[in-house]
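Notes follow once the structure below has been shown.
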Amino acid sequence: MKTSNSPMTVSWWARLLACAFLAASVLAAWGVGREWLQTGQFSASLPGAATSLLFGYIFVVFAWVAVTGKVPGFFSFGAQRWPFRPHAPNSSSKPTPLRGPLDSCVSPATGVQGTMEQEARRPIVLRPGEGRPYRMGGMSAVFKADGAETESRYSVSEWWLEPNTTGPGAHSHPEDDVFYVLEGTMSFLVEGEWVACPQGSFVLVPAGSTHDFENRSPARAGALNISAPGGFEQNMAMIVEWFSRNPSGRPVG
Numbered sequence: 001m002k003t004s005n006s007p008m009t010v011s012w013w014a015r016l017l018a019c020a021f022l023a024a025s026v027l028a029a030w031g032v033g034r035e036w037l038q039t040g041q042f043s044a045s046l047p048g049a050a051t052s053l054l055f056g057y058i059f060v061v062f063a064w065v066a067v068t069g070k071v072p073g074f075f076s077f078g079a080q081r082w083p084f085r086p087h088a089p090n091s092s093s094k095p096t097p098l099r100g101p102l103d104s105c106v107s108p109a110t111g112v113q114g115t116m117e118q119e120a121r122r123p124i125v126l127r128p129g130e131g132r133p134y135r136m137g138g139m140s141a142v143f144k145a146d147g148a149e150t151e152s153r154y155s156v157s158e159w160w161l162e163p164n165t166t167g168p169g170a171h172s173h174p175e176d177d178v179f180y181v182l183e184g185t186m187s188f189l190v191e192g193e194w195v196a197c198p199q200g201s202f203v204l205v206p207a208g209s210t211h212d213f214e215n216r217s218p219a220r221a222g223a224l225n226i227s228a229p230g231g232f233e234q235n236m237a238m239i240v241e242w243f244s245r246n247p248s249g250r251p252v253g
């Protein structure tokens, strides 16, 4: 627990108690002083000196408490015990979020330093099959998050191909594409070669690289796709319209 030397607030009845102790200290100090003035000595030299120092310390502490209503910093080791109390927290205030080393990272896409307070978007929870579907003959896509949902930083979707079905055709675009095979075996065209990728395979296609995917197997196949930066879903209406005029055919090779 972090300690502090700042004064601590005390309750009103503790201030009254301090005033009582202050009065007792004044009377005791007055008695000791009168004895010294009349006799020139204390009743007992060492106990008398210790008593004077003790009463002097008590006088300073309780005078401070009685006047200011706060415990001095040098006496605050017991401030959280009876009868003292720290300032009551504001129940209406929001708890301070925990911070980690990634909170200070700067986004390369936006140049904005990340903080938890800046996060205004809401979490998204989708069950299997849920999302925004797009049908393109033997190929279909289900977009999970894009656009405002990700502040166009990335796009998340699933792409499913029926058995022996071609994909979108060889193409390239300015976004990075990441694929993770969810089911079946998906064939990917990367660097001019077709690679059969079974369930659990990972494929990263850098921006501007020509690529394609097909399902050359007798079973349905699907892959999770993450495209970065986002905004790809805005092209889906045009893509669906194109495939309505150019249905997917059987793969070659």
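For what it's worth, our numbering labels the leading residue of the sequence shown as 1, then goes sequentially. Quick reminder that beta carbons are idealized off the backbone N, C-alpha and C, glycines included.
Taking residue i as part of the beta strand (DSSP E), name the residues at either end of that continuous run.
i    : result
F232 : That residue, F232, is in no beta strand (DSSP E); it is neither H nor E in DSSP.
P198 : 193-198
T185 : 185-190
E158 : 155-161
R135 : 132-136
Could you tell me whether the Cβ atoms of residue i and residue j are closer together than 7 Å?
i    : j    : result
H211 : L182 : no
E158 : V178 : no
P163 : A219 : yes
V156 : A145 : yes
G230 : Y134 : no
S248 : G138 : yes
M186 : F213 : yes
L161 : A221 : yes
Where does residue i sit, in a helix, a strand or coil, going by DSSP?
i    : result
R245 : helix
E175 : coil
A141 : strand
E151 : coil
T165 : strand
What do you get for residue i, buried or exposed, if any count of 16 or more other CB atoms within 10 angstroms of its CB means buried?
i    : result
N215 : buried
T39  : exposed
E241 : exposed
According to DSSP, residue i sits in a beta bridge with which residue or residues?
i    : result
A223 : W159, V181
R121 : BP columns for R121 are empty, so no partner.
L204 : V178
D212 : L189
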